[in-house]
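In case it helps, our numbering puts the sequence shown at residues 1180 to 1607.
For each residue, glycine too, the CB sits at the ideal point set by N, CA and C.
Notes follow once the structure below has been shown.
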Amino acid sequence: MTEKSYNPYAMAQAQFDKAAEALDLDQASRDLLRQPLREYQFSIPVHMDDGSVKIFRGFRVQHNDARGPGKGGIRFHPQETIDTVRALSMWMTWKCAVVDIPLGGSKGGVVCDPHSLTPREEQQICRGWVRQMARNVGPDIDVPAPDVMTNAQHMLWMLDEFETIHGHKGPGFITGKPVGMGGSLGRAEATGYGVIYTLREALKEMGKLPADTVASVQGFGNVSQHAIRLYQELGGKVICVSCWSQKEHTSYSFKKSTGIDLDALLKITDRFGEIDQTAAKNLGYEILPGDAWLEQDVDILIPGALENQINGENVGHISRRVIMIAEGANGPTTPEADQVIKQRNIFVIPDFLANAGGVTCSYFEQVQSNMNYYWEKKEVLERLDHKMTAAFHAVSELAGKRKLFMRDAAYYIAINRVAQACKDRGWT
Ligand code: GLU
């Protein structure tokens, strides 16, 4: 599969088929789970600030809700496609199942580029998305959350529209809300921290500490920023991060061999995670091509951006020193690259396990919203650590026992749980 022919849905289905075969899953379960239960595609007309009217395409895909209401973020991205959303919804099903939270898998999106939208226009897109979906989402049906280029403010606009349409308060409709408006403390940190909780456990099994390791990170958005924070707190050193340059439509890597200074970099980073190149140069960073993050002489790689980033074309450039890949992003590694990584015996913490901290904290947010009682940050993060650590060890134990690659072991556990729920309900 070359980068050009890459289709995330085909990849998600191929991963599923392989696991289903190994699990000897019955045909009905295969037919049910290899595609989404429901899909919505719609138009969102927006009156732009310049007086024109622009039509944006919106999506929501509900892959499976046998274990509980659908759950998953809404992405704003200019290259969003229905197939990307289908793949992401499928990965959400496995993600919720592998950490054993009572939720199914969904995903949503809008084809738009927030870089070129005003806050009022973004608000109209959020409200328009909810107007199209209001009858088919909700606390007991399907619960959205933030994802790439969406944030707590977007969630609050969406909640407000949902409550206006339904005529009552319903904070359980959406997660990732602002703290103080029904949001959970720790939600912003949760995905990145979750990556590092699993990384810490994986290193422990190898008899190593984060402080013995050096890492390189792709992406500098919410996931990567918080992952770097915790990894550094545990003593790890990050020598390279990459980010997307909106103006130049390409990405760059920022390298400092002595270790990056997270707070200094955050000061010169915009809300989309783009680092200012001139300011970075002045701080002593070397600016390298986008793929350079992958080629560094490090122990750990953390892809924390988008899908299809480690593929057949660049997997050969991974340094001999790399012992571990912790997938903060969804679907960052293609099956072709996976083969090479397997042969090289690099330990992979697969995406839907490594980055499950976000949705786990979203689940905690729902629990808190239902109780109308909010926990201290310490309690949220302790519970998160506990859940992620337990999920990691369950997968790693199975991988050890059956001599499986971590991704395959995670698929076995997740697919088994979802297939069983479908059977227990009498669907299959
Ligand atoms: N968008 C995040 C993910 O891909 C979080 C989803 C959620 O909290 O529902 O896992």
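Counterpart residues of residue i in DSSP-defined beta bridges
i       : result
Thr1512 : Ile1489
Tyr1219 : Arg1239
Asp1321 : Gly1249 and Gly1317
Glu1465 : Lys1434
Lys1286 : Val1240
Val1393 : Lys1416
Pro1224 : Ile1234
Arg1254 : Gly1288
Thr1621 : The structure shown does not extend to residue 1621, since the chain is modelled only from 1180 to 1607, so the question has no answer here.
Ile1454 : Thr1448
Gly1362 : Val1358
Per-residue burial, residue i [other beta carbons within 10 Å of its own, 16 or more giving buried]
i       : result
Thr1181 : A caution first: Thr1181 carries a pLDDT of 43, below 50, which makes its placement in the model too unreliable to give a value.
Gln1397 : buried
Asn1551 : exposed
Asp1587 : buried
Ser1222 : exposed
Ser1498 : exposed
Glu1384 : exposed
Met1227 : exposed
Arg1450 : exposed
Ala1569 : exposed
Asn1461 : exposed
Ser1231 : exposed
Gly1346 : exposed
Asp1319 : exposed
Thr1370 : buried
Ala1191 : buried
Alpha-carbon to alpha-carbon, residue j and residue i
i       : j       : result
Met1334 : Asp1229 : 25 angstroms
Ala1331 : Lys1356 : 5 angstroms
Ile1608 : Ala1471 : This structure leaves residue 1608 out entirely; the chain is present only between 1180 and 1607.
Thr1329 : Ala1199 : 33 angstroms
Leu1473 : Val1501 : 10 angstroms
Met1503 : Gln1411 : 17 angstroms
Val1402 : Glu1259 : 19 angstroms
Asn1243 : Pro1323 : 14 angstroms
Pro1350 : Gly1495 : 47 angstroms
Gly1414 : Ala1390 : 4 angstroms
Tyr1590 : His1565 : 21 angstroms
Phe1399 : Ile1479 : 16 angstroms
Asp1517 : Asn1493 : 12 angstroms
Gly1463 : Ser1436 : 10 angstroms
Phe1235 : Glu1301 : 11 angstroms
Trp1382 : Arg1314 : According to the sequence provided, residue 1382 is Leu. The question's Trp does not apply to it. Spanning the two alpha carbons is a distance of roughly 46 angstroms.
Arg1582 : Pro1529 : According to the sequence provided, residue 1582 is Lys. The question's Arg does not apply to it. Near 16 angstroms, if we compare the C-alpha coordinates of Pro1529 and Lys1582.
Leu1202 : Ala1245 : 19 angstroms
Asp1440 : Gly1452 : 15 angstroms
Ser1268 : Leu1216 : 10 angstroms
Phe1195 : Gln1220 : 24 angstroms
Gln1456 : Ala1394 : 21 angstroms
Lys1348 : Glu1342 : 5 angstroms
Gly1307 : His1572 : 42 angstroms
Arg1379 : Leu1388 : 7 angstroms
Phe1531 : Cys1275 : 8 angstroms
Gln1140 : Tyr1376 : Since the first residue of the chain shown is 1180 and the last is 1607, residue 1140 is not available in this structure.
Glu1555 : Thr1392 : 31 angstroms
Opening and closing residue of the beta strand (DSSP E) in which residue i lies
i       : result
Ile1528 : Phe1526 to Ile1528
Pro1187 : Pro1187 -> not in any beta strand (DSSP E); alpha helix (DSSP H) instead, spanning Pro1187 to Leu1202.
Lys1479 : Looking at the sequence itself, residue 1479 is Ile, so the reference to Lys does not match. Its beta strand (DSSP E) spans residues Ile1479 to Pro1482.
N- and C-terminal bounds of the alpha helix (DSSP H) containing residue i
i       : result
Ser1575 : Lys1556 to Arg1581
Ile1261 : Ile1261 to Val1277
Ala1505 : Here Ala1505 belongs to no alpha helix (DSSP H); instead the beta strand (DSSP E) covers Met1503 to Ala1505.
Ile1344 : Ala1331 to His1345
Phe1352 : Counting along the chain, Phe1352 falls outside any alpha helix (DSSP H), and DSSP gives it neither H nor E.
Tyr1591 : Met1585 to Asp1603
Leu1212 : Gln1206 to Leu1212
Gly1371 : Arg1366 to Glu1384
Asn1534 : Here Asn1534 belongs to no alpha helix (DSSP H), and DSSP marks it neither H nor E.
Trp1308 : Pro1298 to Met1312
Minimum Cβ-Cβ distance from residue i to chain C less than 7 angstroms
i       : result
Val1546 : Checking the listed chains, one finds no chain C in this structure; it contains a single protein chain.
Checklist entry - Using 8 angstroms as the threshold, is the segment 1275-1289 in touch with the segment 1350-1364, meaning 3 or more CB pairs across them? => result no
Item to check | Inter-stretch contact (C-beta, 8 angstroms, three-pair minimum) for the segment 1512-1523 and the segment 1538-1546 | outcome: no
Item to check | Inter-stretch contact (C-beta, 8 angstroms, three-pair minimum) for the segment 1476-1495 and the segment 1185-1195 | outcome: yes
Checklist entry - Would you call the segment 1262-1272 and the segment 1232-1241 touching, i.e. three or more CB-CB distances under 8 angstroms? => result yes
Checklist entry - Between the segment 1418-1428 and the segment 1506-1518, do at least 3 Cβ pairs fall closer than 8 angstroms? => result no
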